[in-house]
Structures are given as structure tokens and as C-alpha cells.
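The structure appears right after this line, and notes come after that.
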Amino acid sequence: MTEARAHVTVADDPSRSAFVALLDDGTVAGGAYYERRGATVVFTHTEVEPAFEGQGIGSRLAAGALTLVREAGDAVVPLCPFIRAHMAKHPEYDDLLTTRTDFGTRVADPAGHRAGHDAGPGAGPGAGAVGGGA
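Just so it is clear: in the sequence shown, position 50 is 50 by full-length UniProt numbering, and no numbers are missing.
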């Protein structure tokens, strides 16, 4: 049996610190949660309500949230694994990443090399990163 895909509108809801996936009846089907740091949106967690899982809402939420960030002229730090994976699959969002740390995506460094590629011994994901740890 196939299920019809719900129509989803993505909107920024600052009171929740999230971009939300809204169904036509106003039901919130999921959220991509963030912290704002100036003109940077740090995505921390994405979830879809269990009743709406498996309908592609998460992917539409990610795409809509990233589009809204772009329209606002902001940048993205994808700490959320779901947003990070979505960006890695969709190079059209590469311009939203302004940090040299690539978070598993395709961000080029100023010399035109992908982060972690052709950068010599010890270079790779996280090389040159600041912070982290326990």
C-alpha cells in the first residue's frame, strides 16, 4: 500500500529555535533545531514526529530549512548528523558552509582543495579543528 505524501511547508519558528515542518492543517510534523550565532545557524538536532516518519518529511524539512537560511543570507554549521548527511548528498548547499572544517561535506579550502584531501600527512576530517574533546 502506498501512502500519499503530505504537503509540507517549512517555516522558521524562533520561539522553538527551530525550522518546523507544517502540514496543511497546521500540525507540526517535525523540527530542525538550531542555535543562532550572529549570521550563522548552528543546526543541533532534527526530528520528525513518529506518526509522520517514512514520508520524506525529514528530507523536505532539511531542504526547506537550508533554503530559508540561504534566503536570509546566513551561513550553516551542521552539527546535526541528519542535516550534515543531507548537505553531503546535495552539493547545491555547499555555499552555506563558510568554515574550513568540512563536517563530511565538500567545502573547499582557499587553495581549492577539499578539506582533508591532498593536504599531507595527518590531514583529514578534523585536522586543524579547534575545540572538541570530552
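Just so you know, even glycine gets a beta-carbon here, dropped at the ideal spot from N, CA and C. The structure displayed is predicted, hence computed values, not measured ones.
Taken in chain order, the unbroken stretches of alpha helix (DSSP H) that lie wholly in the stretch 36 to 93 and span 4 residues or more are 57 to 72 and 81 to 89.
Spatial neighbours of residue 70 in its own chain (CB-CB distance under 8 angstroms, excluding positions within 5 residues in sequence) are listed in chain order as 93, 95 and 96. Annotated three-state conformation of residue 95 is helix, per DSSP.
One thing to note: residue 21 has its Cβ within 8 angstroms of the Cβ of residue 8. A residue is called buried when at least 16 other Cβ atoms come within 10 angstroms of its Cβ; residue 30 meets this threshold and is buried. One alpha carbon belongs to residue 28, the other to residue 72, and they sit about 22 angstroms apart.
In the DSSP secondary-structure assignment, residue 21 is bridged to 10 and 30.
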